[in-house]
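Right, one structure below, let's go through it.
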Amino acid sequence: MKTLINQPQDLKPTTTWQETEWAWTSEEALVDHQTKARLCSAVLLTFRDQKPDWQSFAASIRWMAAAADHYGVEFVPVLNADTGYIFDLDDKMYAEVLRRFRADFPAMKFIAGITARGAEQDTSFKAERYRPLLDIVQSHENCEVMIMTSKWLNSLDPERRRDGYFEIAEWLIRPGIVHALEPSFVPWATPYEPWLLYQLATHPKFVGGKISTLDEPHCLYWAAMCKDLKLDFAPHSGDDFGIATAIKTGLPLLIGAASSAAPLICAAKDMWLNDGAAGKRFSTDTGRFDTRVYKLFEAFQSMEDQVFRLDAKGSAAAYKHSTAHALKHLGVIAAAEPHPACKDLRGEDETSRMQEALVRPKRIAQRLGIPGF
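Residue numbers (numbering that gives the first Met the number 0): 0 to 372.
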């Protein structure tokens, strides 16, 4: 029988997850009925008549914040990430999003995504490409910075990739969150190896990391490692196909799916807690959790499976367009337009597809008395 690695000193840059114990830890072993972790929702940048619809943008945040407040969930909007069309924004519009947000929500914490700027003609990684957006974000307070991956950063081997993140971290004056992707989002992306995750998780400026994954349970790998080694680092699930797993294991969510399903997710976070757990808002009066949450899990996951469905190229990138249609059906935003420059679009039947996708979650929301959906 093969011996599995379970100590950080035994990790090498080339070690795979399957060579570690953490890749073979079950979800059941990580179940947590006591922790109501925060919900970090990647906010959709809304458009109408090919211009940003700031009224709808603010309305969607208020809709999510109201759900979080009702269920006692910490809510942190994520601005200018993929759901916010970061790759289609120039620096002026990027800054305008943050300015508009802060004007409407002066006391609310936010997370902002940053990525490399001006690297189109580069032939190697240059950390300074991250500096323009980093400086824009860090001109604000009460925020965290999500260092999104980029083509040249992702192309580095694990040791040089670590060094690249550490170089960016030298400029951080706000808490940092690292971010890994699977190819379902962009074709050149690769998740972190266990050695790289450990290196980043033990850096003092990184408070957590997000793993956006649709094909392999990397969030479970991260959770198992961080829990086993007692790392002061919070894995944030970016798995829009496995939302329930993060809730069941007491992990934070950092997902675009929250933009279209925040009331359902917030309700599930509270229902999953045992009575007496810190932050429990609606008691079952049994000392236990509300088992109806399993049907709620199924309902919102069936919806998000449609929102994030893969196209013919195996990409889920058009989820932003689906999200806009879902929010319009829910009466949260005024129009279902994507960013004018976005090429990841759904077909003409998307409005009816999203209407159909909403039938089951709306039915469950009505039966469970979930407001706002």
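Glycine is no exception: its CB is placed at the ideal position from the N, C-alpha and C atoms.
From a predicted model like this one, the values you see are computed outputs, not experimental measurements.
Cβ-Cβ separation between LYS319 and PRO337: approximately 6 Å, consistent with a contact (criterion under 8 Å).
Straight-line measurement puts the Cα of GLU355 at about 18 Å from the Cα of ASP310. Residue burial is scored here from C-beta neighbours: LEU133 has at least 16 other C-beta atoms within 10 angstroms and is therefore classed as buried. Per DSSP, the continuous alpha helix (DSSP H) segment holding LYS294 begins and ends at 292-306. In the structure shown, MET0 falls within a coil segment according to DSSP collapsed to helix, strand and coil.
By a beta-carbon distance limit of 8 Å, LYS327 does not contact ALA316. Their separation comes to about 20 Å. For the options SER314, GLN6, ALA364, the alpha carbon positioned closest to that of PRO182 is the one of SER314.
Closest in C-alpha terms to ARG160, from the list PHE184, GLU143, THR189, VAL144, comes THR189. SER211 has LEU180 as its beta-bridge partners, per DSSP. Judged by their CB atoms, PRO339 and GLN54 are not nearer to each other than the 8 Å cut-off. By alpha-carbon distance to PHE86, the top candidate from ILE113, GLU347, PRO251, ALA65 is ILE113.
Taking a contact to require three or more Cβ pairs closer than 8 Å, the segment 343-350 and the segment 282-290 do not qualify as touching.
Boundaries of the alpha helix (DSSP H) harbouring SER321: 318-328, taken from the DSSP string.
Segment contact: the segment 60-67 against the segment 230-249, fewer than three CB-CB distances shorter than 8 Å; contact not assigned. The continuous alpha helix (DSSP H) containing ILE246 extends over residues 242-247.
Judged by DSSP secondary structure, LEU253 falls within the beta strand (DSSP E) whose first and last residues are 252-254. THR19 is bridged by DSSP to ILE4. Check the Cα spacing between MET0 and each of PRO174, GLU18, GLN8: the tightest is with GLU18.
Per the coordinates, the alpha-carbon of PRO251 lies some 10 Å from the alpha-carbon of LYS268.
Taken through DSSP and simplified to helix, strand or coil, MET145 comes out as strand. Only exposed fits TRP187, as fewer than 16 other CB atoms lie within 10 angstroms of its CB. Short of 8 Å from the beta carbon of ASN273, and not among the five residues preceding or following it, lie these beta carbons of its own chain, in chain order: HIS32, GLN33, LYS279, GLY286, ARG287, PHE288.
For SER55, the enclosing alpha helix (DSSP H) covers residues 53-70.
By the CB criterion at 8 Å, LEU97 and ALA118 fall outside the cutoff.
Here LYS247 is buried: its Cβ has 16 or more other Cβ atoms, across all protein chains shown, within 10 Å. PRO12 and LEU228 do not touch by the CB rule: their CB atoms are close to 18 Å apart, not below 8 Å. Looking at ALA126, PHE104, LEU3, the one whose alpha-carbon comes closest to that of GLU169 is ALA126. Note on PRO105: under 16 other CB atoms within 10 angstroms of its CB, so exposed under the neighbour-count rule. Taking every protein chain shown into account, the CB of SER40 has 16 or more other CB atoms within 10 angstroms, so this residue is buried.
Spanning the alpha carbons of TYR293 and VAL77 requires a straight line of approximately 27 Å. Taken through DSSP and simplified to helix, strand or coil, LYS50 comes out as strand. In this model, ARG99 and THR82 are separated by some 17 Å (Cα to Cα). Residue burial is scored here from C-beta neighbours: GLN300 has at least 16 other C-beta atoms within 10 angstroms and is therefore classed as buried. By the criterion of a C-beta distance shorter than 8 Å, ALA257 is surrounded in its chain by LEU38, CYS39, SER40, ALA41, MET63, ILE264, once the five residues flanking it on both sides are discounted. Distance between CYS225 and ARG173, taken at the CA atoms: about 22 Å. CA-CA distance, ILE254 to ILE369, rounds to 20 Å.
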